[in-house]
Amino acid sequence: MKRFAVALASVLGLAAGNALAWSNHSFAAYRTFENMPEVAKAAVVTVEPLEAFLKAQEKSIETLLLSQETWAQTHLDVYPPRPAALVFRANPTRTDEARRLAFLMALRVAPNSKLALYIQPDPWSPRPDAATLLAHASVNTLPEQPNSNYRFVGIKAGDKVSPLSVLASATDEPDYGLDINLWADSPSDWGKVYGFGALPFGNPALYFSTQAPFHMGFYHEDRVIYLAAPFIKKTFPLLRIHQYSSLAALAFRTSHPYWGWRFTGLALHYVQDLTQPYHASLSPGNSSLKLIGINLLAMAGLPKMKDEMIVLLSNRHLALEKYQNQLIYNASLARQETSIEKSLRNSDKDASYPAWSDLYARDVVSRQSHALGTRLTDTLVNTLPPGYVSDPSFDFGVKESGIDLVAELSQQDAAKRAGLDHVTTELMGNFGAHSRNMVRGVLKASATP
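Reminder that position 422 of the sequence shown reads as 422 in the UniProt record's numbering, one-by-one numbering, no gaps.
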């Protein structure tokens, strides 16, 4: 069993290397909420720095963070308790900087997280004035990627902004370094004291790998997989969703609506990640029996099939994200609505799901996403050029910046491409529905003391 777990860990190393689920969540989030009355018609809010919220509500935050710890120990299958030294305690005499640091460390997020005052403008809106733009490093602790289409507009305390812009912008923010190097074997000081233990899968030296266990949730694998590799249960999107959504409810209740919407957006990120089948399944398109067989061969000294599977999983994951992002971004540039925008906005299916609860992301979102894995993989293989998704000698990640999937598929038979467009649209519809249901849940909780 131990050798099987080691072999399976190398497959998960691939998953960790692709820790981003959807490229720039804000693009899809604007369409998701632009017609939702609770967001689109909400009153403008006054911008305030995090330090102001923490100082005004310090005692309430102390109580809330204690209750969050109790919830996590009760509801999460595998949860390393927060070390006592990290407990957030009200102290009105300390500096704003010390209070902020204590808060971030009590949440066990990266203490160098920026949490800057900014918005990402709607890609359908006019291009922002260059004078208003913030440098990438002002918002994100991670390196800027080639051909980035991110635009960060600076805002300041006292400004009036729309809840839609705050919410949509924040949905992408957990990918800006909040969950980086939180492990005992991470190259960081904070990872040594957070108590999460060693990184359960992936390479601790690769920065993106270290956020994967917070952005992926493997809740619906076969029992034999859990028996062989129990470490796959060590994932924490439910923790982050509960932390940020309950902070959002507190902020709304205590008249800090800017942080109500901001924390809601942070929580949404993890829900939206789980709508990506490659974040909710170990190996979409491969049965447990095949996964076990391939790993047994690797254990016997025949790793070729395992190595090839790792490359193909990576290529398919990245190709899906590339295609989805291109479709949304191209539509915004052309000001031409497609089926994806309509699907994101369509609220007809929202009520078909259960009401929001603490375990909705596991029991509804992740289960649905996991079930879509095989159909999605088959569609990718049948639609995209074989060299991108069926050739293990090709590395999509290395070549990605020079690949234009939309242009290539436009030369293909329209009926063949329609299958990929259909499943991508379906995934975006799930993204929209579950996002709105979470917002309804937060707003309902914010009305309850």
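Glycine included, each C-beta is placed from N, C-alpha and C at the ideal position.
When DSSP states are grouped into helix, strand and coil, residue 41 belongs to the coil group. The Cβ atoms of residue 434 and residue 272 lie closer than 9 Å to each other.
In the same chain as residue 373, and ignoring 5 residues on each side of it, the C-beta atoms closer than 7 Å to its own belong to 277, 281, 284 and 285, in chain order. For residue 66, the enclosing alpha helix (DSSP H) stretches over residues 58-75. With a 10 Å radius around the Cβ and a threshold of 16 neighbouring Cβ atoms, residue 215 comes out buried. With fewer than 16 other CB atoms across the displayed protein chains lying within 10 angstroms of its CB, residue 130 is exposed.
Restricting attention to alpha helix (DSSP H) runs no shorter than 4 residues, the region 326-357 encloses them at 339-345, ordered along the chain.
The criterion of a C-beta distance shorter than 9 Å is not satisfied by residue 389 and residue 376. Approximately 32 Å separates the beta-carbon atoms of residue 120 and residue 79; this is outside 8 Å, ruling out the contact. Within the same chain, 275 come within 6 Å of residue 430 by CB-CB distance, once the 5 residues on both sides are set aside. When C-alpha distances from residue 44 are compared across 211, 256 and 362, the shortest belongs to 256. DSSP places residue 422 inside the alpha helix (DSSP H), whose first and last residues are 414-446.
CA-to-CA, the gap between residue 300 and residue 221 works out to about 24 Å. In this structure, residue 142 keeps its C-beta atom at 9 Å or more from the C-beta atom of residue 266. Nearest in C-alpha terms to residue 56, of all of 205, 96 and 71, is 96. Of all C-beta pairs linking the region 70-77 to the region 232-249, three or more are shorter than 8 Å, placing the two stretches in contact.
Separation of the CB atoms of residue 124 and residue 332 is rounded to 5 Å, and the pair is thereby assigned contact status at 8 Å.
Per the Cβ contact rule, the region 151-162 is not in contact with the region 190-197 (fewer than 3 Cβ pairs under 8 Å). Straight through space, the alpha carbons of residue 187 and residue 83 are spaced by roughly 19 Å. The beta carbon of residue 40 sits closer than 7 Å to those of 33, 34 and 164, all from its chain and outside the five residues before and after it, given in chain order.
Nearest C-alpha to residue 145 among 401, 425 and 440: 401.
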